[in-house]
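Notes for the one structure printed next.
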Amino acid sequence: MTGFLGEFEATVDSKGRFLLPAGFRKQLQPEDADRFVLNRGFEKCLSLYPLSTWSPLAEKINGLNDFDPKVRAFKRYFLNGATLVEPDTAGRLLLPATLKEYAALEKDIVLVPAGNRMEIWNTTKYKEFFDSFSPDAFSDLAGQVMGGL
2 MTGFLGEFEA TVDSKGRFLL PAGFRKQLQP EDADRFVLNR GFEKCLSLYP LSTWSPLAEK
62 INGLNDFDPK VRAFKRYFLN GATLVEPDTA GRLLLPATLK EYAALEKDIV LVPAGNRMEI
122 WNTTKYKEFF DSFSPDAFSD LAGQVMGGL
C-alpha cells in the first residue's frame, strides 16, 4: 500500500469510543482490519497504525542504541503510551484516557492520512492548524521538502 487517502469525520461517544469510518476501513488490507497501534503524534494529535505498519517501525526503534541519552528520551516519548487497540463488535475503537487527553479529543474528531498511518485530530485544532498556514507558507514548505524531485 502506498498510503491512506481521504479525510474522515467521526464522533467520540461518552465512553471514549469512535467508529472507524467506512472509507478508512475500505483501504485496509484484510490482515490489518482488526489490530492497530494508537500512539501520540508529533503534534497534538494521535497516530493510528495498522499493526503490520507499526511492527517494523517498533523493531527499528527497539534496535536503536540505548546508551545514547537522546535515543532513550525519544523511545520514552514515542513508545510510552503506544497501545494495541482492536475494534469491538460494532467496529468502534476505544481511545485510552491518557491519549485522548494528550490530543484534546472530545466529541468531534477527524481522521486524516499521514502516509501509512492515520492521524486523529480534534476537529477544531485540525482546522486551526490549516487556517494558520497560508498558501505561500505551504508553497515554501513544499519547495523545501520536495524541491529535489
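2 is the number of the first residue of the sequence shown in this note's numbering; add one for each residue after it. Ideal placement from N, C-alpha and C gives every residue a C-beta, glycine not left out.
Inset, instruction - Determine, using beta carbons only, whether LEU49 and ILE121 come nearer to each other than 8 Å. - result: Yes, Cβ-Cβ distance for LEU49 and ILE121 is below 8 Å.
Inset, instruction - Would you mind sorting LEU106 into buried or exposed? The rule is 16 or more other CB atoms within 10 Å of its CB. - result: Here LEU106 is buried: its Cβ has 16 or more other Cβ atoms, across all protein chains shown, within 10 Å.
Inset, instruction - Please find out if some non-hydrogen atom of the ligand MG comes closer than 7 Å to the beta-carbon of VAL146. - result: Here there are no bound small molecules, and the ligand MG is not part of this structure.
Legend entry - Check whether VAL38 and ALA83 have beta carbons under 8 Å apart: Yes, they are a contact pair.
Inset, instruction - Could you tell me whether the Cβ atoms of LEU52 and ARG26 are closer together than 8 Å? - result: Contact flag unset, no.
Inset, instruction - Provide the residue(s) that pair with TYR50 in DSSP beta bridges, ordered along the chain. - result: Answer is VAL38.
Inset, instruction - Report buried or exposed for LYS101, applying the criterion of at least 16 other Cβ atoms within 10 angstroms of its Cβ. - result: LYS101 should be labelled buried.
Legend entry - Buried versus exposed, by CB contacts within 10 Å (16 or more), ASN40: Around the beta carbon of ASN40, a 10 Å sphere encloses 16 or more other beta carbons of the protein chains shown; the residue is thus reported as buried.
Inset, instruction - Tell whether a beta-carbon distance below 8 Å holds between ALA98 and GLY17. - result: Yes, the pair counts as a contact, with Cβ atoms nearer than the cut-off.
Legend entry - Candidates ALA74, VAL13 and GLY4, of which the one nearest GLY92 by Cα: Of the candidates ALA74, VAL13 and GLY4, the one whose C-alpha sits nearest the C-alpha of GLY92 is VAL13.
Legend entry - Contact set for GLY4: own chain, Cβ-Cβ below 7 Å, skip 5 residues either direction: Shown here for GLY4: same chain residues with a beta carbon closer than 7 Å to its own, the five before and five after excluded, namely PRO114, GLY116 and ASN117 in chain order.
Legend entry - Per-residue DSSP class, three states only, for THR84: THR84: strand per DSSP, three-state reduction.
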